[in-house]
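Trainee: This is the structure I have questions about; it appears just below.
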Amino acid sequence: MPTDYDPSLGNKFIFVTGGVMSGLGKGITAASTGRLLANAGFDVTAVKIDPYLNVDAGTMNPFQHGEVYVLKDGGEVDLDLGNYERFLDIDMTSDHNITTGKTFQHVIQKERDGDYLGKTVQIIPHITDDIKRRIREAAAGHDICIVEIGGTVGDIEGMAFLEAIRQFVHEQPADDVLLTHVTLVPYSKNGEQKTKPTQHSVKELRSIGLQPDILVGRCDDRLYPETKEKIALFCDVPTDAVFSNPDVEDIYHVPLMVEDEGLDEYVMDQLGIAGDALAPSERDNSWREIVTGDVEGAVDIALVGKYELEDAYLSVHEALKHAGLEHGVDVNVEWVNAEELDAGHRERLEAADGVVVPGGFGSRGTEGKIEAIRYARENNVPYLGLCLGFQLAVVEYARSVLGLSTAHSAELDEHTPNPVIDLLPDQADIDEMGGTMRLGSYETEIEPETLADELYDGPCIERHRHRYEVNPNYIAQMEENGLRFSGRVGNRMEILELPEHPFFLGTQFHPEFRSRPGRASPPFVGLIEATLERRETILQEGVSN
Ligand code: GLN
Numbered sequence: 292m293p294t295d296y297d298p299s300l301g302n303k304f305i306f307v308t309g310g311v312m313s314g315l316g317k318g319i320t321a322a323s324t325g326r327l328l329a330n331a332g333f334d335v336t337a338v339k340i341d342p343y344l345n346v347d348a349g350t351m352n353p354f355q356h357g358e359v360y361v362l363k364d365g366g367e368v369d370l371d372l373g374n375y376e377r378f379l380d381i382d383m384t385s386d387h388n389i390t391t392g393k394t395f396q397h398v399i400q401k402e403r404d405g406d407y408l409g410k411t412v413q414i415i416p417h418i419t420d421d422i423k424r425r426i427r428e429a430a431a432g433h434d435i436c437i438v439e440i441g442g443t444v445g446d447i448e449g450m451a452f453l454e455a456i457r458q459f460v461h462e463q464p465a466d467d468v469l470l471t472h473v474t475l476v477p478y479s480k481n482g483e484q485k486t487k488p489t490q491h492s493v494k495e496l497r498s499i500g501l502q503p504d505i506l507v508g509r510c511d512d513r514l515y516p517e518t519k520e521k522i523a524l525f526c527d528v529p530t531d532a533v534f535s536n537p538d539v540e541d542i543y544h545v546p547l548m549v550e551d552e553g554l555d556e557y558v559m560d561q562l563g564i565a566g567d568a569l570a571p572s573e574r575d576n577s578w579r580e581i582v583t584g585d586v587e588g589a590v591d592i593a594l595v596g597k598y599e600l601e602d603a604y605l606s607v608h609e610a611l612k613h614a615g616l617e618h619g620v621d622v623n624v625e626w627v628n629a630e631e632l633d634a635g636h637r638e639r640l641e642a643a644d645g646v647v648v649p650g651g652f653g654s655r656g657t658e659g660k661i662e663a664i665r666y667a668r669e670n671n672v673p674y675l676g677l678c679l680g681f682q683l684a685v686v687e688y689a690r691s692v693l694g695l696s697t698a699h700s701a702e703l704d705e706h707t708p709n710p711v712i713d714l715l716p717d718q719a720d721i722d723e724m725g726g727t728m729r730l731g732s733y734e735t736e737i738e739p740e741t742l743a744d745e746l747y748d749g750p751c752i753e754r755h756r757h758r759y760e761v762n763p764n765y766i767a768q769m770e771e772n773g774l775r776f777s778g779r780v781g782n783r784m785e786i787l788e789l790p791e792h793p794f795f796l797g798t799q800f801h802p803e804f805r806s807r808p809g810r811a812s813p814p815f816v817g818l819i820e821a822t823l824e825r826r827e828t829i830l831q832e833g834v835s836n
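At position 411 of the sequence shown (counting the first as 1) the number is 702 in our numbering, and the numbers step up by one without a gap.
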């Protein structure tokens, strides 16, 4: 079968499938393996396959799918890519998220353009060829590419991808490709580790021509040696190809767990690259040092939003954690439902050491968010507003300080007489959903001698995802009344702060997407530092009273 495969590319591929059920954390297992391979000196990248018909995740509801993660090129992708970026400390592009929608759209467009003249266009070979091409292109230039297939083996949605992988394995030299299957090993009532679900999902894989090389069992604990032997026997792999991935409290400890099990060494052996790896004593140990650093005490951050689901604000949680690691303190995120401030959530807000209003769309919970911002501003409580949280800080200021009681964002009140947040001029005439936003990385110019300047040591290039922005007609009035726009691009306002407040910062961009363990995002580091200072002050005031 003709393909555009070039074996001289020479990279290695690790495909990761999931069995039994979704949500087993195969992305974290895969990213953790990648981290260890990177520690051993390899250039590792990743591809996430999402077998849904959406072209990208841009229009997907965070409550169903978790946050929409934004890449530097503006790609709106599955949140698993965020995990790969954080674990591997790399920047990926949209090409690293392959969806059914993307491949079908491309192949159908080619058909319309006459590229297949005379041929019947089919899933095999046209879609499968396109999938293989995308994987190879994303992998080009890297030593190892981890390819995670979303969903569970057996789903109709995933079939074309699994068939593409079958062909891929067939075409590629044997030691260039590894298939890792992550499954669930549940306990029976009498405490036995049950392997039957694993056996069944491997049977399913084999029926479509895929024989796994490695099995990873997700379990409450480590797999017993007998469990591993049983899985090995029935799934036709050596016993030392069966690994446990027990539950751990902190996902950043999964790489340490995987290393303990020797999964990385096994992978390197199988791929024939063990000889190219750095000696264990020379490997990069910084991940371990970062995630096992000393931690003393905790601060509470109120996250004021509309979805009570950690995944809906995953990168914000992660960025807070990174900032906590940097200051040696745990960060508890207290969920505050913006619609329930008057139904018990105000206490949570007021008990917190700092407040975050994250990004969002639509009007649900708006007044609660504005109220939380007012509370933080008036009570000198550290505040960080991200995108919508930045915009609502402008609205709150216009209402409370400028006296424009009707001020609003035009997104949330079309008819407001004072649209302090309004549509971007070049977006105003586009009303199609998806792909109409200001997306991706842009550099912000930071004013010297501001809080933003203190936080960002060097250029501020952050990722964006918004349609609306500060209305230039109100900027002078805002600044005359004490609000400072300390970061801009031309006449676009990107950062705001209140010089009179201990820490009140809003960003039109989403700094959370560039935060990494060991390289926490500056606004988050500043927020946590301010909460610690505030605690210290309260403590001292208490002592002197
Ligand atoms: N809904 C706002 C806008 O479109 C903010 C977007 C966001 O918070 N990501 O501008």
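Using N, Cα and C, we set each Cβ at its ideal position, and we do this for glycine too.
Note that the structure is a prediction, hence the values are computed from the model and not measured.
Would you report the Cα separation of T419 and K303, rounded to the nearest angstrom?
Mentor: Near 19 Å, if we compare the C-alpha coordinates of K303 and T419.
Trainee: Take every Cβ of the segment 735 to 748, pair it with every Cβ of the segment 774 to 792, and state whether three or more of those distances are shorter than 8 Å.
Mentor: Enough Cβ pairs lie closer than 8 Å, so yes.
Trainee: Considering just the uninterrupted stretch of the alpha helix (DSSP H) at M450, what are its terminal residues?
Mentor: Taken as a continuous stretch (DSSP letters only), the alpha helix (DSSP H) holding M450 covers M450 to E462.
Trainee: Can at least three beta-carbon pairs, one atom from the segment 648 to 666 and one from the segment 620 to 634, be found at a separation below 8 Å?
Mentor: Short answer: they touch.
Trainee: Mind checking which residues open and close the alpha helix (DSSP H) that includes F681?
Mentor: Run containing F681: L679 to S691, per the alpha helix (DSSP H) assignment.
Trainee: Looking at G349: is its Cβ nearer than 7 Å to the Cβ of Y360?
Mentor: In this structure, Y360 does not lie closer than 7 Å to G349 by Cβ.
Trainee: Does the distance between the C-beta of G656 and the nearest non-hydrogen atom of the ligand GLN fall short of 6 Å?
Mentor: No, the beta carbon of G656 sits no closer than 6 Å to any heavy atom of the ligand GLN.
Trainee: Grab the span of the alpha helix (DSSP H) containing V398 for me, first residue to last.
Mentor: From DSSP, the alpha helix (DSSP H) with V398 extends over T391 to R403.
Trainee: Taking 7 Å as the cut-off, decide whether the C-beta atoms of K485 and A455 are in contact.
Mentor: Contact flag unset, no.
Trainee: Grab the span of the beta strand (DSSP E) containing D713 for me, first residue to last.
Mentor: Unbroken beta strand (DSSP E) run through D713: P710 to L714.
Trainee: Using beta-carbon positions only, say whether C678 and H792 come within less than 7 Å of one another.
Mentor: The answer is no: Cβ separation not under 7 Å.
Trainee: P353 by DSSP, collapsed to three states: which one?
Mentor: DSSP places P353 in helix when its eight states are reduced to three.
Trainee: Taking the DSSP output, what are the residues bridged to M548?
Mentor: None; M548 has no bridge partner.
Trainee: Answer yes if the segment 376 to 383 comes into contact with the segment 333 to 342, meaning at least three C-beta pairs across the two stretches below 8 Å, and no otherwise.
Mentor: The answer is yes - the segment 376 to 383 touches the segment 333 to 342, with three or more Cβ pairs under 8 Å.
Trainee: Is any non-hydrogen atom of the ligand COA found closer than 6 Å to the C-beta of H472, if you look at the structure I gave you?
Mentor: The ligand COA is absent from the structure shown, which contains only the ligand GLN.
Trainee: Which residue comes first and which comes last in the beta strand (DSSP E) that contains P537?
Mentor: Taken as a continuous stretch (DSSP letters only), the beta strand (DSSP E) holding P537 covers V533 to P537.
Trainee: For I721, does the count of other Cβ atoms within 10 angstroms reach 16, so buried, or fall short, so exposed?
Mentor: Only weak support is given to the placement of I721: the predicted model assigns it a pLDDT of 49, under 50, and the question is left unresolved by the model.
Trainee: Around the Cβ of F459, are there at least 16 other Cβ atoms within 10 angstroms (buried) or fewer (exposed)?
Mentor: Result: buried.
Trainee: Could you check what DSSP says for Y747 in three-state terms: helix, strand or coil?
Mentor: The answer is coil: DSSP assigns Y747 none of H, G, I, E or B.
Trainee: Express the C-alpha separation of A451 and V476 in angstroms, rounding to a whole number.
Mentor: Spanning the two alpha carbons is a distance of roughly 27 Å.
Trainee: Along the chain, where does the beta strand (DSSP E) that runs through S777 open and close?
Mentor: Where S777 is concerned, the enclosing beta strand (DSSP E) stretches over R775 to V780.
Trainee: Rounded to whole angstroms, how far is the Cβ of R668 from the Cβ of F795, which I believe are closer than 8 Å?
Mentor: Yes, R668 and F795 are in contact; Cβ-Cβ is about 6 Å, under 8 Å.
Trainee: Hey, T474 and V307: beta-carbon distance below 7 Å or not?
Mentor: Cβ atoms of T474 and V307: not closer than 7 Å.
Trainee: Can you tell me which of the three DSSP states K317 falls into?
Mentor: Here K317 sits in helix by DSSP.
Trainee: Where do the N-terminal and C-terminal ends of the beta strand (DSSP E) with R509 fall, by residue?
Mentor: R509 -> beta strand (DSSP E) spans I505 to C510.
Trainee: Are there 16 or more other CB atoms within 10 angstroms of the CB of S812, so buried, or fewer, so exposed?
Mentor: It counts as buried.
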